[in-house]
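Going down the list, the protein sequences come from chains A and H.
Using the numbering used here, read the first sequence as starting at 1 and increasing by one per residue.
Using the numbering used here, read the second sequence as starting at 1 and increasing by one per residue.
Just so it is clear, CB atoms sit at the ideal spot from N, CA and C, and this is done for glycine as well.
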Amino acid sequence: MLELTGVHTYYGLSHILFDVSLRVERGEVVALLGRNGAGKSTTMRSIMGLTPPKRGRIVYKDQDITGLKPHLRARLGLGYVPDDRRVFADLTVGENLEIVARTGHGSDQWDKDKVYSFFPPLAEIDGRQAGFLSGGEQQMLTIGRALMTNPDFLLLDEPTEGLAPLVVRMLAQQIQSLKQTGLTVLLAEQNQEVALGLADRGYIIDNGVIRYSGTIEDLRADEEVRKRYLMV
Amino acid sequence: MDSASHITLAALGQQLLVGLSRTTILFIVSSGLSLILGVLRIPNVSHGSLYMIGAFVTYSVATFIGGQTGFWVALAVAPVAVGLLALAVERGIFCHLYEREHLMLLLFTFSLMLVLGDVVKLIWGSDYRSLAAPPMMQGSFSLGGMPFPRYNLFLLILGPLVAVGLWALTNKTKIGKIARAAAVDREMVAAMGINVSWVFAFVFCLGCLMAGLGGALVAPTQNITQGMDHAIIMEAFLIVIIGGLGNMWGALLGAAIFGITDSIGILVWPQFAIVFPYVAVTIVLVFRPKGLLKSTW
Numbered sequence: 001m002l003e004l005t006g007v008h009t010y011y012g013l014s015h016i017l018f019d020v021s022l023r024v025e026r027g028e029v030v031a032l033l034g035r036n037g038a039g040k041s042t043t044m045r046s047i048m049g050l051t052p053p054k055r056g057r058i059v060y061k062d063q064d065i066t067g068l069k070p071h072l073r074a075r076l077g078l079g080y081v082p083d084d085r086r087v088f089a090d091l092t093v094g095e096n097l098e099i100v101a102r103t104g105h106g107s108d109q110w111d112k113d114k115v116y117s118f119f120p121p122l123a124e125i126d127g128r129q130a131g132f133l134s135g136g137e138q139q140m141l142t143i144g145r146a147l148m149t150n151p152d153f154l155l156l157d158e159p160t161e162g163l164a165p166l167v168v169r170m171l172a173q174q175i176q177s178l179k180q181t182g183l184t185v186l187l188a189e190q191n192q193e194v195a196l197g198l199a200d201r202g203y204i205i206d207n208g209v210i211r212y213s214g215t216i217e218d219l220r221a222d223e224e225v226r227k228r229y230l231m232v
Numbered sequence: 001m002d003s004a005s006h007i008t009l010a011a012l013g014q015q016l017l018v019g020l021s022r023t024t025i026l027f028i029v030s031s032g033l034s035l036i037l038g039v040l041r042i043p044n045v046s047h048g049s050l051y052m053i054g055a056f057v058t059y060s061v062a063t064f065i066g067g068q069t070g071f072w073v074a075l076a077v078a079p080v081a082v083g084l085l086a087l088a089v090e091r092g093i094f095c096h097l098y099e100r101e102h103l104m105l106l107l108f109t110f111s112l113m114l115v116l117g118d119v120v121k122l123i124w125g126s127d128y129r130s131l132a133a134p135p136m137m138q139g140s141f142s143l144g145g146m147p148f149p150r151y152n153l154f155l156l157i158l159g160p161l162v163a164v165g166l167w168a169l170t171n172k173t174k175i176g177k178i179a180r181a182a183a184v185d186r187e188m189v190a191a192m193g194i195n196v197s198w199v200f201a202f203v204f205c206l207g208c209l210m211a212g213l214g215g216a217l218v219a220p221t222q223n224i225t226q227g228m229d230h231a232i233i234m235e236a237f238l239i240v241i242i243g244g245l246g247n248m249w250g251a252l253l254g255a256a257i258f259g260i261t262d263s264i265g266i267l268v269w270p271q272f273a274i275v276f277p278y279v280a281v282t283i284v285l286v287f288r289p290k291g292l293l294k295s296t297w
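So this is what it looks like as structure tokens:
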């Protein structure tokens, strides 16, 4: 469904991603593991077009989207949940969801009510300004906001970063149930436990280079690789 | 002695109202400037030129139609004309610069100011024009023994209406909410599938329309002339700065400070009246360097 081939991405003059290739099939949850600063977020931003690659190709649903603007990528069904939880701080929780609402292709559509029943705590703070939410609430909101665009592919960038264990467990459960609705997910994580529990396959990225790819079972078994690239 | 203090008080009240009606025009112009600053993050230097065009178009339309209706038609036509002009400039040239450096955008609005100034000279020449208020708005009514122009009362009533309308547009409509989100994080808005370029077009057009409206409203109160663009743009920038960049209520507050100090200055020390607003601005900035209300920057 999504394929990156030989992607090189820069921030200004600094070369961040080196020849990154990865593939996600429809219905899969694929984990992108790596330490802080390894290039996970840059990979996500490259896919979304926020930091377009200088070289390489990104194909999504059989369409070359390498040069496409971010809003057009989103309209093709890419949902983006950034790592730094950029809620629209001046707007209320409800407004954050309403302004991005878009109907998708499937019959099972997300709307505000559905997001609220998916993340019940959000329903109680509908009128609160998003800038005043807790980390967990903000994370639910950014995921809910992405769901409001009715995506069929979700880019989840470190959804559990900095959250309390209880909230992490709840989010992991909800991501699992998103997978069951047929949503394809690329999940960038530092939290191995969460990623290994959710994903079908995994990639390890380190210093902007993909070092490993394989099934989750292989990755779980390969302690050597995990130690080398993921231990802090 | 009693009568002297009575007159002073009435005169003070009268000047206060004059200042508040001036506030309406300053607010309308600077709220548009503030809106563009807040969302597009660009100081639109050509804002004053669009205000001037609004005034000249109002003059031409009002005198062409004439009579009671002339001015009212012009009041509707001029802001829309200015808004459409801004939209054409934005879609034609400006929108292609959004991904360039910020300086390019600033230089663009600066050159637009020069070009528009010359366009006004070409079309209307360099003579000044003056336009009478429509007949129903002419003359004065008595206010505590002092005459108060009807047209100023009209401005006094219009100001709050425009403020509420603008507030409703930015807080109650979807496009307004999207614009507020884009003001803070345009990248995230784009990543959610919204074409930020069109949001910017809307905001730029709306902001410039406010400049045109300000120009239309000011037309019956002063000479319509070359140079009114520079006068207003300085005032509008100062108002936006003391109010808080991008904050609409800040623009209202700043305009009130500017308008009232100006008119009170005329009463107490006419020769130096022009200094008063600038002293007020200085005082505000000494104590609140970032402006009175929360800036969106």
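For I99(A), there is no enclosing beta strand (DSSP E), since its DSSP letter is neither H nor E. For Y80(A), a Cβ of chain H is located within less than 8 Å of the residue's own Cβ. Rounded to the nearest whole angstrom, the CA to CA distance from Y151(H) to M148(A) is 49 Å. Assignment of beta-bridge partners to R201(A) by DSSP yields V30(A) and T215(A). Comparing alpha-carbon positions, the option among L16(H), I260(H), V196(H) and L267(H) lying closest to H71(A) turns out to be V196(H). Counting C-beta atoms within 10 angstroms of its own C-beta, I25(H) has 16 or more neighbours from the protein chains shown and is therefore classed as buried. Contiguous alpha helix (DSSP H) elements confined to the stretch 130 to 164 of chain A occur at 135 to 148, taking only those with 4 or more residues.
Residue pairing by DSSP places Q63(A) opposite Y60(A) in a beta bridge. Going by DSSP, D229(H) is part of no beta strand (DSSP E) but of the alpha helix (DSSP H) stretching over M228 to G243. Taking a C-beta distance under 8 Å as the contact criterion, L33(H) and A236(H) qualify as a contact pair.
Here DSSP, grouped into helix, strand and coil, assigns S111(H) to helix.
The beta carbon of A10(H) does not come within 8 Å of any beta carbon belonging to chain A, so the residue lies off that interface.
Interface flag for N247(H) against chain A is unset, since no Cβ pair is found closer than 8 Å. Pairing Q176(A) with V199(H), the inter-Cα distance amounts to about 36 Å.
Relative to the Cα of F132(A), the nearest Cα in the group N36(A), K227(A) and R85(A) belongs to R85(A). Here the alpha carbon of Y11(A) sits roughly 8 Å from the alpha carbon of T51(A). With a threshold of 8 Å between beta carbons, I205(A) makes no contact with chain H. Under the Cβ distance rule, R85(A) does not count among the residues neighbouring chain H, no pair being separated by less than 8 Å. For H102(H), the secondary structure class from DSSP, reduced to helix, strand or coil, is helix. Nearest CB-CB separation between M1(A) and chain H: not below the 8 Å threshold.
Against H8(A), chain H offers no close residue; the least beta-carbon distance is about 20 Å (beta-carbon pairs closer than 8 Å). For F141(H), there is no enclosing alpha helix (DSSP H); the enclosing beta strand (DSSP E) covers residues S140 to L143.
With a cutoff of 8 Å on beta-carbon distance, L187(A) and Q139(A) are scored as not near each other. Non-local C-beta neighbours of I157(H) in its own chain, meaning closer than 8 Å and more than five positions away in sequence, are absent. In summary, the residues of the stretch 156 to 178 of chain H whose CB is separated from some CB of chain A by less than 7 Å are K174, K177 and I178, in the order they occur in the chain.
Nearest C-alpha to F56(H) among G291(H), Q14(H) and Y128(H): Y128(H).
Residue pairing by DSSP places G79(A) opposite L154(A) in a beta bridge. Under the Cβ distance rule, D157(A) does not count among the residues neighbouring chain H, no pair being separated by less than 8 Å.
Of all residues in the stretch 186 to 198 of chain H, only E187, M188, V189, A190, A191, M192, G193, I194, N195, V196 and S197 come within less than 9 Å of chain A when Cβ atoms are compared, listed by chain position. In the DSSP annotation of this structure, the continuous segment of the alpha helix (DSSP H) that includes H47(H) starts and ends at H47 to I65.
The DSSP assignment places complete alpha helix (DSSP H) segments of no fewer than 4 residues inside the stretch 160 to 218 of chain H at 174 to 191 and 196 to 218, in order along the chain. In this structure L97(A) is in contact with V115(A), their Cβ atoms being roughly 6 Å apart against a cut-off of 8 Å.
The beta carbon of V184(H) falls within 8 Å of a beta carbon belonging to chain A, placing the residue at that interface.
Secondary structure of I257(H) (DSSP, three-state): helix. Nearest CB-CB separation between R91(H) and chain A: not below the 8 Å threshold. Taking a C-beta distance under 8 Å as the contact criterion, G212(H) and G54(H) qualify as a contact pair.
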